[in-house]
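Going by this note's numbering, the letters in the sequence shown line up with residues 267 to 488, in that order.
All C-beta atoms in this analysis are idealised placements derived from N, C-alpha and C, irrespective of residue type, glycine included.
The structure appears below as structure tokens.
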Amino acid sequence: MITVHHLNHSRSQRVLWLLEELGVPYEIKRYEREKSGLAPKSLQAVHPLGKSPVITEGKITLAESGAIIEYLLERHGGTKLAPPRDTPERLRYMYWMHFAEGSAMPPLVMKLLFDRIETSPMPFFAKPIARGIAGKVKAMYIGPTIQRNLDFMEASLEDGPWFAGRAFSAADIQMSFPVEAAAGRAGLDARRPRLMDFLDRIHARPAYQRALERGGPFELMS
Ligand SMILES: N[C@@H](CCC(=O)N[C@@H](CS)C(=O)NCC(=O)O)C(=O)O
């Protein structure tokens with residue numbers, strides 16, 4: 267049996283969704299974020315990095331959502347949710363599978379952290395310095411990088427309704443997290459209609475809704 271070590275409001279929602287799309291049975295072990303937003307220490311007993319998602323199946327323990335998705339497709343997916351090898355769609359699929367965590371998420375996580383620096387309580391004399399530095403990093407690097415990524419993602423959906431092209435694939439599941447995060451905390455809105463339509467279409471999928479029912483509330487931190 268597959269166990270998904272599921273942290274509330276987190277990337278492990280994608281794994282639940284994938285398993286629902288595949289129709290593969292699984293159980294959930296739940297972990298609640300601490301006040302700080304960090305995962306509880308108990309997750310480190312499952313995997314040394316203590317991040318979610320992690321899955322266990324028999325003797326296998328696997329972290330990192332991209333690796334988990336590839337593993338689950340190889341072992342339980344058959345030919346589902348990945349375009350055939352040696353096709354242009356497969357190359358697009360690979361690209362977006364890696365882009366999600368390699369390029370899209372880092373500036374979105376940086377934005378979350380630097381936004382917090384700006385609003386965190388601190389001694390009055392430190393405030394202008396901390397806010398000044400945070401504002402500069404956001405203006406020089408984080409904001410423009412997020413906007414360029416979003417423009418690129420929006421343009422790529424011109425070639426097909428899904429990230430790998432005409433067919434829905436696991437790349438859409440992997441890309442859902444940065445798109446949801448950008449809508450939640452980085453200004454993604456109706457000015458990028460293809461990405462907003464992507465969100466509407468994934469939210470309407472029965473497997474997405476089943477995963478929400480099993481996983482519980484899913485709101486990305488701001
Ligand atoms: N690149 C990793 C990122 C894992 C990660 O940072 N997960 C977050 C949840 S969205 C987490 O566990 N945060 C709590 C913490 O860092 O303590 C993946 O895709 O699995």
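Whole-angstrom C-beta distance between residue j and residue i, which should lie under 8 Å
i: ALA329; j: LEU347; result: Actually they are not in contact, since the Cβ atoms of ALA329 and LEU347 sit about 21 Å apart, beyond 8 Å.
i: ILE294; j: GLY453; result: That pair is no contact at about 32 Å.
i: PRO349; j: ALA477; result: Not confirmed; about 22 Å, so no contact.
i: ALA449; j: LEU423; result: Going by Cβ atoms, the distance from ALA449 to LEU423 rounds to 14 Å, so no, they are not a contact pair.
i: PHE484; j: GLN279; result: 5 Å
i: SER331; j: GLN440; result: 7 Å
i: ILE468; j: ASP438; result: 7 Å
Cα-Cα separation, residue i to residue j
i: LEU486; j: SER276; result: 7 Å
i: ILE412; j: TRP362; result: 16 Å
i: MET360; j: SER302; result: 34 Å
i: GLN310; j: HIS272; result: 13 Å
i: GLU323; j: THR269; result: 6 Å
i: SER308; j: VAL320; result: 12 Å
i: SER442; j: MET267; result: 26 Å
i: ALA436; j: PHE390; result: 48 Å
i: GLY343; j: LYS325; result: 20 Å
i: VAL290; j: HIS364; result: 24 Å
i: ARG451; j: PRO459; result: 17 Å
i: ARG356; j: GLU300; result: 39 Å
i: HIS313; j: ILE334; result: 13 Å
i: ASP381; j: VAL445; result: 19 Å
i: LEU416; j: ARG432; result: 20 Å
i: LYS404; j: THR345; result: 42 Å
i: ALA400; j: GLY409; result: 11 Å
i: ARG414; j: ASP455; result: 15 Å
i: THR327; j: PRO306; result: 18 Å
i: SER386; j: VAL375; result: 16 Å
i: LEU379; j: PRO372; result: 11 Å
i: LEU461; j: ALA473; result: 20 Å
Ligand 1 heavy atom lying under 7 Å from the CB of residue i
i: PRO314; result: no
i: ALA305; result: yes
i: LYS301; result: no
i: GLY450; result: no
i: GLY482; result: no
i: PRO319; result: yes
i: ARG382; result: no
i: ALA370; result: no
i: ARG277; result: yes
i: SER422; result: no
i: SER331; result: yes
i: LEU478; result: no
i: LEU285; result: no
i: LEU273; result: yes
i: GLU446; result: no
Residue i - partner residues in DSSP beta bridges
i: HIS271; result: LYS295, VAL320
i: ILE326; result: GLU323
i: VAL428; result: Residue identity differs from the one stated: residue 428 is Trp in this sequence, not Val. Paired residue(s): GLY431.
Q. Does the segment 338-345 come close enough to the segment 281-293 to have 3 or more Cβ pairs within less than 8 Å?
A. yes
(Q) When you compare the segment 368-378 with the segment 395-402, are there three or more beta-carbon pairs, one atom per stretch, that lie closer than 8 Å? (A) no
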